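*Asks:* Please read through the structure below; I'll follow up with questions.
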Amino acid sequence: MGKWTNWSWVLIAALPFAAQAQPDLTSLDRDMVGPRSQVLVLGTVHLSGMPPGFNPAALDGVLDRLAAFRPDIITIEDESGEECDLAARHPAKYGPDYCAPTDAAMKATGLDVPAALTEVDKTLKAWPAQPTPAQRRRLAASFLAANDHASAYVQWLQLPVAERRAGDSLNDALVETLVRIAKRNDESYQLAARLAARLGLPRVHATDNHTGDRIDVPDIKAFVKSIEGAWAAGGAALKEREKHSKTLSQAADLLPLYRYLNTPEGLQIYAEANVSAAMRAKSAEGYPQIWAAGWEIRNLRMVANIRETFRERRGARVLSIVGVSHKPWFDDWLGQLQGVDVVDVAGVLK
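The sequence shown runs -21 to -1, 1 to 329 under mature numbering (1 follows the signal peptide of the UniProt record, and there is no 0).
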């Protein structure tokens, strides 16, 4: 009997991953000193796809609920100036048109992207409680030079209407850029920037990341066809949900749409349509599974970018506005961070 028992231990030792329990990292902050940070992830449709005649006033009910959450930090699904500068320096890897050019802003301010980022950081560290219009115009111009259009629009919105003019490095070309931004259907402007201005915040934070998007495969057309086939095979439930979302998006009040987008059952459908279908799809090259790995890379880097916005601010209240398909990953991974609580969006939108 003892002989067989010894052999049993040998077999168990040969299967360490099956036999050994993993460390529990979820309770390391149980004795944390100081306030915990609160993170609210709002899943959104991309407003660029809204029906003709879309009126941003339809978002007022959503903005009222988000304002009541009182975020200190707002993050958006957009590339940062740092990432844009990195891509510009490596066009062979990222492409020559990774981000919009900043030539007009550089001409107006004399700042390239790295210098503009330094200028913004320096300015915000000494930002007064009651900035003058000149200070706001200069900061808006610096944000544009740093490839941060949403934050520039935050400053523009906080200017008195009579002060929304050229001056202090904000020349006529840059003013025209901001006027065009005001008319764009984009959640970074119509939700995030409007809310930041309403709350008196100086900026929003771009946290998207596409540096892991360059898929190294021999046949990109076959890769795309394989992914599209996987989504088509597993997308029936998502199509029904998107059909109802489209109906709700035509209403004069979009609060019901946002409540619908952010339900747990809906988020499960988005997660399964994106990844489960890809993981089940058969492909000799494994293309759908390669896409799923890239999707995880992007979300991991985005979550890390969000974390960086409040690394030095214990107890911060953070609102992350992101395409709804990202929200399941954000909620899960942000919820694993130390000293961080994920806020139930349904309670906020009630």
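Even glycine gets a Cβ: it sits at the ideal position worked out from N, Cα and C.
The structure displayed is predicted, hence computed values, not measured ones.
How far does the alpha helix (DSSP H) with Glu142 in it reach, from first residue to last?
*Replies:* Unbroken run through Glu142: none, as it is neither H nor E.
*Asks:* DSSP three-state call for Arg49: helix, strand or coil?
*Replies:* coil
*Asks:* Would you kindly work out how many angstroms separate the C-alpha atoms of His305 and Arg280, rounded to a whole number?
*Replies:* 12 Å
*Asks:* Taking the DSSP output, what are the residues bridged to Gly22?
*Replies:* The beta-bridge partner set that DSSP reports for Gly22 consists of Val301.
*Asks:* Just list the residues that DSSP pairs Gln317 with in beta bridges.
*Replies:* Per DSSP, none; premise fails for Gln317.
*Asks:* Answer with buried or exposed for Glu166, where buried requires no fewer than 16 other C-beta atoms within 10 angstroms of its C-beta.
*Replies:* buried
*Asks:* Tell me which residues share the same chain as Val196 and place their Cβ nearer than 6 Å to its Cβ, disregarding the 5 neighbours each side in the sequence.
*Replies:* Phe202
*Asks:* Pull up the distance between the alpha-carbon of Phe122 and that of Asp100, whole angstroms please.
*Replies:* 10 Å
*Asks:* In chain order, what are the residue ranges of uninterrupted beta strand (DSSP E) at least 3 long that sit wholly in the stretch 250 to 315?
*Replies:* 296 to 302
*Asks:* Under a Cβ-count criterion, where at least 16 other Cβ atoms within 10 Å of its own Cβ denotes burial, should Leu298 be classed as buried or exposed?
*Replies:* buried
*Asks:* Go ahead and pull the three-state DSSP assignment for Ile194.
*Replies:* DSSP places Ile194 in coil when its eight states are reduced to three.
*Asks:* Which residues in the same chain have their Cβ closer than 6 Å to the Cβ of Asn253, if we skip the five residues on either side of it in sequence?
*Replies:* Same-chain partners within the cutoff: Ser304.
*Asks:* With DSSP run on the structure shown, which of helix, strand or coil describes Asp82?
*Replies:* helix
*Asks:* For Glu244, count neighbouring Cβ atoms within 10 angstroms of its own Cβ and tell me buried if that reaches 16, exposed if not.
*Replies:* Of the residues assessed, Glu244 falls on the exposed side of the cut-off, its CB having fewer than 16 other CB atoms within 10 angstroms.
*Asks:* Would you decide whether Pro307 is buried or exposed? Buried here means 16 or more other CB atoms lie within 10 Å of its CB.
*Replies:* Around the CB of Pro307, 16 or more other CB atoms lie within 10 Å, so the residue is classed as buried.
*Asks:* Hey, could you find the ends of the beta strand (DSSP E) Asp187 is sitting in?
*Replies:* 184 to 187
*Asks:* With distance defined between alpha-carbon atoms, name the residue in Thr88, Ala231, Leu65, Arg182 nearest to Met29.
*Replies:* Ala231
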